[in-house]
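Asks:
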Amino acid sequence: MQHSLPAIVCCLLFDFISNAFEIEPGFPTACGISAFPRTFKYDATRMKVPATPNSWPWHVGLWPQRAGYFPFCGGTLISDSLVVTAAHCVHDAIGCRNTPFEGLIDMTITTDSALYVLVGAHDYTTADLSRQLHRLQFVVIHPNFTEKFEDKGYDIAILKLAHRITPDKTVRPICFPAKHIQLKVGSTCYYAGWGQELTSWSRGKPVYPKSLREAEVQIDYDAHCLRISSYQFADSNTCIYTKGRTPGDGDSGSGLFFFAGNNHRWFWYGAIESSPPITQGDYSIVNKVQAVHEWIKVTAISLGL
């Protein structure tokens, strides 16, 4: 898949390593703890399954007025006013206009179609007290990103909400890690989103779920993604193994997260960039944290955490 993937990918480390997982100085410390912890689901190891409601309170959906009211991409809250997502999601939302890839993009004048961020939702079609829509004010796209596939990598953007969220049990930010953190190959991960899935009743055709889904995946060797998708994979990417539970259309931009056992918090570890068609392929591509960490840090602080 080349475009539009809402999702969340969460990496759970089972083996403790000597480097303690730490929050990057200057970022929120009231983060990464869910009031509704996910329940174990064996089926999540081989397919997408319904997520425990509100177990991923930092997961958001991008909600475009131009394309209709549904979450066409995912993202992750890293503060009360900032969301990290894939840059191509913003490009898709703007449409045929020329996207200004440099500097601060004011979404209220760049496009005549508003872009919103959906927070606190499980079933995005249900209007309940936890579900909120926040209008997007500004976007900053990584300066090395371009929509041309031959110029691959750095598919990442930071979104600034017009108004800060009020954290509660269903909405709160994830922790942003210190730069030295690096997951090992084989680390177990999770992602969640409203993207396409295959079900026993869909007769082999992808369908869009109304309620949030999740799946278990693993960090894999970069060489595997490079071998099967050399035109998209770059040094700024990380490869994840997703056989049987590949992110689908609507899952792009969602975060890659891991659980730090030393402080019992979830941390962000990249955003989903692309995957093969949901019925094909065993691997998907996410940002490499070490490649985008400094840019995210500087940009987030300049936007005001």
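According to mature numbering (1 follows the signal peptide of the UniProt record, and there is no 0), the sequence shown holds residues -20 to -1, 1 to 285 in order. In this text, a Cβ means the ideal position worked out from N, Cα and C, and glycines have one as well.
1. What is the DSSP secondary structure of Lys140, reduced to helix, strand or coil?
2. Arg269 by DSSP, collapsed to three states: which one?
3. From which residue to which residue does the beta strand (DSSP E) around Asp86 run?
4. Ordered along the chain, which non-local residues of its own chain (more than five positions away) have a Cβ less than 7 Å from that of Gly166?
5. Taking Leu206 as part of the alpha helix (DSSP H), name the residues at either end of that continuous run.
6. Using DSSP with H/G/I as helix, E/B as strand and the rest coil, what is Val70?
7. Report the rounded CA-to-CA distance for Phe(-5) versus Asp86, giving the unit in angstroms.
8. When the Cα of Tyr146 is compared with those of Ser110, Ala137, Thr168 and Val120, which residue comes out closest?
9. Is it buried or exposed, Ser209, if we count other Cβ atoms within 10 angstroms and call 16 or more buried?
10. Whose C-alpha, out of Gln176, Leu283, Glu4 and Cys11, is nearest the C-alpha of His244?
11. Taking the beta strand (DSSP E) that Gly235 belongs to, which residues open and close that run?
12. Taking the continuous beta strand (DSSP E) assigned at Glu196, which residues delimit it?
13. Could you compute how far the alpha carbon of Gly228 sits from the alpha carbon of Glu177?
Replies: Walking through what the data contain:
1. Strand at Lys140.
2. For the record, residue 269 in the displayed sequence is Val; it is not Arg. Shown here, Val269 sits in a helix according to DSSP, grouped into three states.
3. Leu84 to Asp86 is the extent of the beta strand (DSSP E) around Asp86.
4. Excluding positions up to five away in sequence, the list reads Gln198 and Ile199.
5. Where Leu206 is concerned, the enclosing alpha helix (DSSP H) stretches over Asp202 to Ile208.
6. Reduced to three states, the DSSP call for Val70 is helix.
7. Residue placement at Phe(-5) is flagged as unreliable, the pLDDT there being 39, under the threshold of 50; a coordinate-derived value is accordingly withheld.
8. Residue 146 is actually Thr in this sequence, not Tyr. Just measuring C-alpha positions, the residue of Ser110, Ala137, Thr168 and Val120 sitting nearest Thr146 is Ser110.
9. The residue in question, Ser209, is buried, as its Cβ has 16 or more Cβ neighbours within 10 Å.
10. It is Cys11.
11. If you look at Gly235, you'll find it in the beta strand (DSSP E) that goes Gly235 to Ala240.
12. Its beta strand (DSSP E) spans residues Arg193 to Ile199.
13. The alpha-carbon atoms of Gly228 and Glu177 are separated by roughly 6 Å.
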